Each structure stands twice: as C-alpha cells, then as structure tokens.
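Single-structure report; data block below.
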Ligand code: PEP
Ligand code: MN
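Residue numbers (the working numbering): 10 to 371.
Listed below in structure tokens is the structure:
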C-alpha cells in the first residue's frame, strides 16, 4: 500500500520535471490563517506547483521581523494537506534542515545571504546527506559566479541529486531601477556551466516592486528559464516582510496568464531550416570578425615596434578619442548602441595595449 508521504514524493518528482515550474507563496509565514488563505487562493488559480513561505528570515538589519520560526511549519503542513500542494522553505542551518524534514517539507531552498557563506552552505549540505529531495540554491548577493558554483558543488558532493538554481539578482550600491540588478548574462553563464540543471527566476527579489514583475518574468521566459518563483500575499501592503513586491494570488494568476510561454525547440520544418540558414550566416560572420580582429592586433604589434624604437608611449588619448567618436557615429547609423560600442572598443583597446605592451617590454 502506498503511504501519503510516498505519493507526495512522486508528486514532487512530477512537479520537479514540469516546465515551467511555478513556485509561489508569501515572503514570510506570518499567521496560520494567512498561510492557509494564501495557499487555498493560490491553489484555486490552478497555476501553482509548489507553495513557498519563509519560516526563518535572514534580514539585513536587526529589529525587523525575522520569521515565525519552527512554529510555522505545522501551518505549512496543514496548507499542504488541504491544497495538495508540495511545500518549500528556506534553510540556512542544519537545525532548519532537520526541522523542515520533520514536517515533511518537499523541497528546500538556500537563500542569497547563505550562498555567500561557504561555512553555512557546507553545514546545510552536511545535514542533507542521504536526503533525497530537491534543493534550490539562490545566487549569492554579490555577482560572484564561483560562490554560486561552489554552493552547487557542495550540494552535489554530499549526494543531493536534484539541485536547481534560483536567479534573484545581485545587490549593488546606488542601484535604483531594480532592488537587485538582474545581470542576465550571469545566470546564462550558469546555464552553460550546468546544462540541464533547472534554473528558476525570482522576479520578486530582482524587482523589489510590483511594476516590473511582469516584464522581468517575461524576460526570464524569453531566456529559456525553467520556472518562476513569485511572492504572493493575501494583503500585500500589510505584509510583515517585502510588502512592496508582493501581489495577491489573483494578481499572480493574471500575471501568469499574460505571459507568453516560449519553447527552446520545435519540430516545425520551416522554422528549423530558416534558423539553420541564419545561424550559418552568423557563424560565417563571427569567423570573419575573428580573422579581422587577429589582423588588427598584428597591426597593433607593428605599431608597438615603431613606438618601442622611438620611445613613444602606448596610450595616445587624442587618437583614441578620435577612434571612439567615429565609431559612435557609425554605430548609430548601423543600429548599434553607444553602450555596446563603448564595451566593444574598450575590449579591443585593452587587447591592443596588451599586445603593444608585450612587444615594447620584451
Ligand atoms: C526570500 O525568498 O524571501 C528571500 C529571503 O530571498 P533572498 O534570499 O533572495 O533575499
Ligand atoms: Mn522575500
């Protein structure tokens, strides 16, 4: 006979393999009623796979609500019983892991403030030895992919088989548009490092407000993320934590409805042929670009020789300004942004300086 726990495990397995995987629930569990009402209203939308709630809240400053603690776990367990939704909580210590497992939490996540600390990640990992449930790890607060990678490796080393990543953006001083800058190239690089590992976007903590949630969610879908984690609350304005970014379960359903879901692949022949042709053209152009860049550096080497023989400095500011101004003007005509031209020329310039430096100091 199958036990309830066994069937929940199977359900979690199905959810884990579902794309997109949608996780939602309050930033923090506050009261038994709040957890239950959020859960039932979310379940009613039919759009959520896993119910989240923070039980232990790592807060940047003291004096804020630091989570209801272990006493909130039975509330989540009841919400699971009533709605049939698997549940997930954030863990930061071995004790959190033990308590969560005691209440049959189906999936765990490691928060951004924990991922930055290898001691903490290792402690959580050690507590997970022999435990077979999915564990998601958020990016560290700072833009350090090695820390994120290290966290994943710590989990894998103790034998956690189902590891996933959550992109929640990166803190930076003076950042205004986003609470945490998405820096999309970083999660994309993680996708390259860990092919096949689920990558979930957390627009709530990237945005820090409600207005940007929709566009950030859409962007993550366009970048082929595997799912979304969104904070929902029955009374967002009066939430005990992260009030500005939470939305009601009904608003959450509306938002999901308005998203355009895209797939990485299709069987449509016309699309496949067109894409293959265009990619071939890109490969060809990339190849030419590399050849031209190589030629450009050879010329820089020659200039280096002349400068060396005549004791002239490598950097000549006027000349460089001239090149940049010309490039901006041409770039504009070609539809290339000033930001791109600046980055592109900075990279070329740096490589050129390195080449000349090698020549002049050899
Ligand atoms: C959270 O999910 O509520 C949370 C604390 O997020 P983060 O670790 O991304 O700050
Ligand atoms: Mn939160």
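The beta-carbon is built from N, C-alpha and C at its ideal position, and this holds for glycine as well. In this text, all values refer to a predicted model and were calculated from it rather than measured experimentally.
With a cutoff of 7 Å on beta-carbon distance, residue 208 and residue 231 are scored as not near each other. A contact between stretches requires three or more CB pairs, one per stretch, nearer than 8 Å, and the region 177-192 fails this requirement with the region 155-166. Every residue whose Cβ sits closer than 5 Å to any heavy atom of the ligand MN is listed here in chain order: 36 and 251. Non-local beta-carbon contacts of residue 192 in its own chain, meaning distances under 8 Å to residues more than five positions away in sequence, involve 152, 178 and 179 in chain order. Not one heavy atom of the ligand PEP sits closer than 6 Å to the Cβ of residue 242.
At least one heavy atom of the ligand PEP lies less than 6 Å from the C-beta of residue 121. Between residue 137 and residue 174 a beta carbon distance of about 16 Å is seen, past the 8 Å cut, so the two are scored as non-contacting. A contact between stretches requires three or more CB pairs, one per stretch, nearer than 8 Å, and the region 90-108 meets this requirement with the region 120-132. Annotation: residue 40 to residue 349 spans about 49 Å, alpha carbon to alpha carbon. Membership of residue 120 in any beta strand (DSSP E) is not indicated, and neither H nor E is assigned to it by DSSP. Under the DSSP assignment, residue 176 falls in the beta strand (DSSP E) whose first and last residues are 172-176. Taking 7 Å as the cut-off, the beta carbon of residue 106 is found closer than this to the beta carbon of residue 133.
With contacts defined as CB atoms closer than 7 Å, residue 210 and residue 229 qualify as a contacting pair.
Residue 95 sits away from residue 113, with the two beta carbons spaced by 7 Å or more. Within the DSSP bridge table, the entry for residue 31 names 237 as partners.
Counted as a single uninterrupted DSSP element, the stretch harbouring residue 57 is not any alpha helix (DSSP H), since DSSP gives it neither H nor E.
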